[in-house]
Amino acid sequence: MPRPPKCRWVRSEPNVTHFKPVGVPMSMLDEVILTVEELEAIRLKDLEGLEQEECADMMKVSRPTFFRIINSARQKVADALVNGKAIRVEGGNYRVYEEEQRGHRGMRHRHGHWGGED
2 MPRPPKCRWV RSEPNVTHFK PVGVPMSMLD EVILTVEELE AIRLKDLEGL
52 EQEECADMMK VSRPTFFRII NSARQKVADA LVNGKAIRVE GGNYRVYEEE
102 QRGHRGMRHR HGHWGGED
């Protein structure tokens with residue numbers, strides 16, 4: 002039996018959880034699900050420009066695990082952009098690292114489905 006995956010640390014939960022091509026109703030679109038930790042990997046590596054080792058350290062995962070997360074995320078985003086699919090950000094196995102929680106650093110744990118819309 003495989004061991005359960007470790008929680009990955011993310012800076013925050015996403016404020017925006019849905020992206021879609023303009024002018025096409027959601028009912029007509031295929032959808033790609035991007036997990037919260039995949040979005041965090043994209044943020045750290047592609048937006049912030051950090052090295053893979055730094056990204057892995059920040060998410061509290063090994064470099065090979067980070068490599069798998071970022072590759073999965075990039076493949077999903079490329080599929081959505083090239084093929085005109087919607088992207089929904091939800092789920093995963095992650096912890097939110099809060100910079101301010103009653104004056105000290107702390108974290109919250111999330112597992113599985115995240116978000117309010119189904």
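Just so you know, we're using the working numbering here: the sequence shown kicks off at 2 and counts up by one.
From the three backbone atoms N, C-alpha and C, an ideal C-beta is built for every residue, glycine too.
Using a Cβ distance threshold of 8 Å, residue 57 and residue 64 count as a contacting pair. The beta-carbon separation of residue 97 and residue 17, rounded to 16 Å, does not stay under the 8 Å limit for a contact.
Shown here, residue 25 sits in coil according to DSSP, grouped into three states, outside any helix or strand. The C-beta separation of residue 92 from residue 34 comes to about 7 Å, placing the pair in contact by the 8 Å criterion. For residue 60 against residue 41, the beta-carbon gap comes to about 6 Å, under 8 Å, which counts as contact. Taking the Cα positions, residue 66 is about 13 Å away from residue 55.
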